[in-house]
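Residue numbers (the numbering used here), protein chains in the order written: chain A, 6 to 351; chain B, 6 to 351.
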């Protein structure tokens, strides 16, 4: 039976890349083990937040990274270039660093890739940078052989400065939970495109930088904005569960208050996908002290990217680490995406 | 003849990834066009230096990125993990930021990759981080499908603080050119391994972080250290040509003074490779004002990573943008690697 040994060798699976529990386990066991030295980071690798926080002089520097492997690289509403810039700008912004000091861009492309596509992607990155007022300051370009990479990947890292840091772990009971926009567009539009399904509906990813929107939030809310998070790979459900777990609170969400378009709900049903469990990239989740909730909502709705903002629930001192969904006919826990979560969605 | 149109579509080639003129042209025409806004960067994307420099409060922050696609990922003397950390630490260090504030790590791995290999790579990254006193503060892990990526790629971006910035463009005539170690080990060892050639000689990559070595240099040399550069993908020849071109000086190099081991020279001859044109990752090139050359050399030779340091030539006010090699029997220009330069060497 010795010849089965190599078959039993543990291998990486697609589930390890979905950003949920399997990713956390893998990363905890391999890619953070041995990296206990966080230097003088105030928020570091072991915190699994959207970015790290480092003191530099009297400033708080936020640093983050994401490699974008989205498939297909061109999709309704955007492409990998717009996604790469938005993803990193938004990771900085939800940590409180709405002013981006610099992005880096690490492009890896397959030999034989059409130059015209690379140019379109670069144009799209540049446009998103202008939108976010975020300069690319350093870059790297590598080419892998034809057949060694499926198209193109783009890593974007970024640095920004935060006056008030907004981690995903600082919710207190009674804090109001706000989402800044409708949920699920990016994931549903991408998967519909990937599956080649042509819905009657006009499904488009809402991929966009929201640092300007979150700057408006922080200007009004200030320190009363206790937590912010980017509901990317694991969707609204994954992000809320993570906030509840890290903040050691429960979160109560009223289903009918969560803004989801009819098109997304309909397409989700046809694709067998829960809009709460699918990736976003142009939406943020906020935790806001009760007294600041109304002014923050007003500021959001005054902004073109925040018209659909809604208070969807609140943090509670019960059901710690869980998200309770009031469906109108009863309560159930809102679960994180399970192992079937989709790869290469961002 | 219409059916040839798609054949004539311009495509990315491996030459675009070698870090030389073809890479510069591609990047200038696509990945920096439209990115003219450098924010308040003192050194930015358009400078094509080892990193960017941003003012943050009263500090100078250096930011850099590299995606590592080395093939094979395990090679004599190191692996992709050690390479990724060393590459980024050294890019920061040659800009003057020998104190690393934080690294980010963006790992992309193919589904079905053996977990044991990923763990070895992570261990190796952690070891290099300890060696460089460089904490990984933020990370991202993605999985691509089996067959969608040839193994593993690792992007490392980094931030550090520089007291005195040492760009690759500030050489003045008479500045002494110093290399901190023997040249060519990494590239020759990697290619010998890739080609499956088993030399009698003990060829090993010298991949290592040299920020500690360069801190010793700056402590002794201070502002008299006018320029530093990491001779990576395009080797010593590529780096010197770039320094000459950007500094608008010529550089004169005496062939016999360049430290190269006999093993590297011999293996290079058998492989048909010029050690001056092959990648390094554990060596730096310095430009030092004449009065500081001796103390800097003494400091280097006092350090275990600098025992083989040598003054190999000087900047001159002639042959602007070119490197003149005194071969002992006459002078010739030292050329940058041409189109045949090898892919996936770092």
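All residues carry an ideal CB built from backbone N, CA and C; glycine is no exception.
Owing to the predicted nature of the structure, the values given are computational and were not obtained by experimental measurement.
C-beta neighbour in chain A for residue i, strict 9 Å
i: residue 17 of chain B; result: yes
i: residue 252 of chain B; result: no
i: residue 111 of chain B; result: yes
i: residue 140 of chain B; result: yes
i: residue 107 of chain B; result: yes
i: residue 98 of chain B; result: no
i: residue 101 of chain B; result: no
i: residue 50 of chain B; result: yes
i: residue 160 of chain B; result: yes
i: residue 279 of chain B; result: no
CB contact flag (residue i, residue j, <9 Å)
i: residue 82 of chain B; j: residue 68 of chain B; result: no
i: residue 184 of chain A; j: residue 317 of chain A; result: yes
i: residue 44 of chain B; j: residue 72 of chain B; result: no
i: residue 157 of chain B; j: residue 85 of chain B; result: yes
i: residue 169 of chain B; j: residue 230 of chain B; result: yes
i: residue 114 of chain A; j: residue 146 of chain A; result: yes
i: residue 246 of chain A; j: residue 138 of chain A; result: no
i: residue 180 of chain A; j: residue 288 of chain A; result: no
i: residue 328 of chain A; j: residue 226 of chain A; result: no
i: residue 210 of chain A; j: residue 320 of chain A; result: no
i: residue 296 of chain B; j: residue 280 of chain B; result: no
i: residue 240 of chain B; j: residue 189 of chain B; result: yes
i: residue 133 of chain A; j: residue 213 of chain A; result: yes
Chain B residues whose Cβ lies nearer than 7 Å to that of residue i
i: residue 119 of chain A; result: 14 and 16
i: residue 147 of chain A; result: 22, 72 and 74
i: residue 246 of chain A; result: Simply none; closest approach about 19 Å.
i: residue 63 of chain A; result: 62
i: residue 57 of chain A; result: 107, 142 and 143
Residue i, DSSP secondary structure in three states
i: residue 243 of chain B; result: helix
i: residue 9 of chain B; result: Unreliable positioning characterises residue 9 of chain B in this predicted model, as indicated by a pLDDT of 39, which lies under 50. The coordinate reading is nonetheless provided below. Three-state DSSP puts residue 9 of chain B in a helix.
i: residue 29 of chain B; result: helix
i: residue 35 of chain B; result: helix
i: residue 295 of chain A; result: helix
i: residue 60 of chain B; result: strand
i: residue 21 of chain A; result: helix
i: residue 42 of chain A; result: coil
i: residue 16 of chain A; result: strand
i: residue 55 of chain A; result: coil
i: residue 288 of chain A; result: coil
i: residue 186 of chain A; result: coil
i: residue 92 of chain A; result: helix
i: residue 82 of chain B; result: coil
i: residue 50 of chain A; result: helix
Distance cut-off 8 Å: residue i Cβ against heavy atoms of the ligand PLP
i: residue 313 of chain B; result: The ligand PLP is not part of this structure, which contains no ligands at all.
Partner residues on chain A for residue i, Cβ-Cβ distance less than 9 Å
i: residue 214 of chain B; result: Here the premise fails: no neighbours, minimum Cβ distance about 14 Å.
i: residue 123 of chain B; result: 17, 31, 35 and 36
i: residue 150 of chain B; result: 19, 76, 155, 348 and 349
i: residue 315 of chain B; result: Here the premise fails: no neighbours, minimum Cβ distance about 29 Å.
i: residue 237 of chain B; result: The contacting residues do not exist; residue 237 of chain B stays about 10 Å from chain A at best.
i: residue 66 of chain B; result: 61, 66, 106, 107 and 164
Short CB-CB distance (under 9 Å) between residue i and chain B
i: residue 369 of chain A; result: Chain A is shown only over 6 to 351; residue 369 of chain A falls outside these bounds and no answer can be derived.
i: residue 114 of chain A; result: yes
i: residue 79 of chain A; result: no
i: residue 83 of chain A; result: no
i: residue 131 of chain A; result: yes
i: residue 45 of chain A; result: yes
i: residue 164 of chain A; result: yes
i: residue 241 of chain A; result: no
i: residue 10 of chain A; result: Interpretation of residue 10 of chain A is limited by its pLDDT of 41, a score under 50 that renders its predicted location unreliable; no figure is taken from the coordinates.
i: residue 128 of chain A; result: yes
i: residue 342 of chain A; result: no
i: residue 94 of chain A; result: no
i: residue 265 of chain A; result: no
i: residue 332 of chain A; result: no
i: residue 7 of chain A; result: Caution is warranted here: a pLDDT of 40 is assigned to residue 7 of chain A, below 50, making its placement in the model unreliable, and no coordinate value can be reported.
i: residue 42 of chain A; result: yes
Interface partners of residue i on chain E, CB under 7 Å
i: residue 153 of chain B; result: Of the protein chains in this structure, namely A and B, none is chain E.
Amino acids of chain A, ordered along the chain, whose beta-carbon sits closer than 7 Å to that of residue i
i: residue 39 of chain B; result: 127, 128 and 131
Chain-ordered neighbours of residue i on chain B, where CB pairs are closer than 8 Å
i: residue 28 of chain A; result: 146
Beta-carbon neighbours of residue i, restricted to chain A and to distances below 8 Å
i: residue 203 of chain B; result: Per Cβ cutoff of 8 Å: no residues; residue 203 of chain B is ~24 Å from chain A at best.
3-residue-minimum beta strand (DSSP E) runs that sit fully inside the region 106-180 of chain A, ordered along the chain: 141-149 and 157-167
Start-end ranges of the beta strand (DSSP E) lying completely within the region 198-280 of chain A, minimum 3 residues: 230-234 and 255-259
Whole alpha helix (DSSP H) elements within the region 293-337 of chain A, 4-residue minimum: 295-306
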